[in-house]
Amino acid sequence: MGVINVQGSPSFSIHSSESNLRKSRALKKPFCSIRNRVYCAQSSSAAVDESKNITMGDSFIRPHLRQLAAYQPILPFEVLSAQLGRKPEDIVKLDANENPYGPPPEVFEALGNMKFSYVYPDPQSRRLRDALAQDSGLESEYILVGCGADELIDLIMRCVLDPGEKIIDCPPTFSMYVFDAAVNGAGVIKVPRNPDFSLNVDRIAEVVELEKPKCIFLTSPNNPDGSIISEDDLLKILEMPILVVLDEAYIEFSGVESRMKWVKKYENLIVLRTFSKRADLAGLRVGYGAFPLSIIEYLWRAK
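Numbering (our numbering), first residue to last: 17 to 319.
Spelled out as structure tokens, the structure:
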């Protein structure tokens with residue numbers, strides 16, 4: 017079939033055809049409209065060729081995603097309640113490290129009094145970033161807020177990784193790093209932790225030299241074992257030519273000071289935080305991170 021230029025002469029020919037249509041009706045002669053003529057011309061072969069012309073919807077999906085195993089999410093209270101035949105308040109879930117008691121009453125009161133919930137929020141989260149700056153001692157221009165730290169993990173990978181590039185993962189640890197890498201078409205090099213769950217820094221150094229991975233994701237305290245990365249180990253990894261993403265989702269439970277301020281000194285360090293653990297507000301999906309200014313500029317562009 018040709019291309020119809022609606023701004024050129026073909027549009028006139030269409031109008032002429034419609035004029036002919038009106039004339040033919042006036043003469044009471046059978047006439048097929050343009051649409052019907054196309055149908056008449058093709059109907060005889062349509063049944064024969066139908067199976068050959070079907071395009072399956074999944075053919076539009078990127079090939080590596082067609083092979084991707086789905087992420088296994090947690091079961092929400094209402095689903096688990098229905099499956100167990102028990103009231104939600106009688107269930108204590110421990111599979112997602114959620115606080116079973118919830119936030120203090122004043123938090124519920126503040127949420128109930130929230131203004132302007134019917135309009136879109138500030139895309140730059142100015143007031144929240146100012147509050148986080150006051151809380152952390154790090155200026156707000158270094159801070160980016162996301163819909164949970166999960167959004168920021170994916171955003172980092174989208175901005176940093178080209179398809180086929182690699183990350184380092186240190187299992188056992190948070191499974192989202194491997195999943196997001198797969199979604200973004202990246203490879204994963206696993207460097208298992210030592211028997212005491214400390215990092216195998218020597219092996220990490222070997223992998224960085226030989227495989228040239230783009231970034232490494234580290235959790236401290238680690239999920240699921242609670243181990244803390246020593247300052248000495250972290251400094252050794254920061255000396256390597258690799259982007260270090262330090263996930264501090266559980267830092268408030270460790271007695272260790274956050275490394276958020278370190279992003280002002282180390283151009284290859286990102287520190288992630290969340291309200292899901294420290295504030296018992298997993299349902300609000302509030303995550304944030306500290307980034308070097310040379311990196312955060314590009315995340316703002318892509319967010």
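C-beta: ideal position from N, C-alpha, C; glycine also.
A298 is the residue among S310, W316, L127 and A298 whose C-alpha sits nearest the C-alpha of I90. Non-local C-beta neighbours of F93 in its own chain, meaning closer than 8 Å and more than five positions away in sequence, comprise P104, I107 and K109, ordered along the chain. Inter-segment contact for the stretch 138 to 149 and the stretch 252 to 268 is absent: fewer than three beta-carbon pairs are separated by less than 8 Å. Of the residues K230, T290, P237 and K319, the one whose Cα lies closest to the Cα of N284 is K230. By the neighbour-count criterion, in which 16 or more other beta carbons inside 10 Å mark a residue as buried, V95 falls on the exposed side.
Contact between the stretch 215 to 232 and the stretch 251 to 258 is present: three or more C-beta pairs spanning the two stretches fall below 8 Å. Taking C-beta atoms under 8 Å as the contact rule, N200 and L177 qualify, at a distance of about 5 Å. Its chain contains L254 as the residues whose beta carbon lies nearer than 6 Å to that of Y282, once the 5 sequence neighbours on both sides are disregarded; these appear in chain order. In this structure, G303 sits away from G203, with a CB-CB distance that is not shorter than 7 Å. Between the C-alpha atoms of G153 and D212 there is a straight-line separation of about 33 Å.
Burial is judged here by how many other beta carbons sit within 10 angstroms of a residue's own beta carbon; G73 has fewer than 16 and is exposed. The bridge partners DSSP lists for T290 are G303. Within the stretch 174 to 204, the complete alpha helix (DSSP H) segments at least 4 residues long are 192 to 199, listed from N- to C-terminus.
By DSSP's assignment, K319 forms no beta bridge with any residue. Distance from M173 to A197 at the Cβ level is roughly 6 Å; contact confirmed, criterion being Cβ atoms closer than 8 Å. Look at D212 here: in three-state DSSP terms it is coil, with no helix or strand label.
Remark: C-beta atoms of G128 and D296 do not approach each other more closely than 7 Å. About 7 Å separates the Cβ atoms of I183 and Y193, confirming a contact at the 8 Å cut-off. Contact check for L168 against L288 passes: the beta carbons are separated by less than 7 Å.
N239 and T189 do touch by the CB rule: their CB atoms are close to 6 Å apart, below 8 Å. Secondary structure within the stretch 232 to 258: the alpha helix (DSSP H) runs of 4 or more consecutive residues, fully enclosed, are 247 to 254 (chain order). If you draw a straight line from the Cα of P137 to the Cα of S292, it comes to about 19 Å. Boundaries of the alpha helix (DSSP H) around I220: V217 to E227. Per DSSP, L160 lies in no alpha helix (DSSP H); the unbroken beta strand (DSSP E) holding it starts and ends at I159 to G162. Annotation: S236 to I267 spans about 7 Å, alpha carbon to alpha carbon.
Beta bridge pairing from DSSP links V260 with I232 and L285.
Here the C-alpha atom of P308 lies approximately 47 Å from the C-alpha atom of L100. The alpha-carbon separation between I77 and L300 amounts to approximately 31 Å. The DSSP-derived three-state label of K277 is helix.
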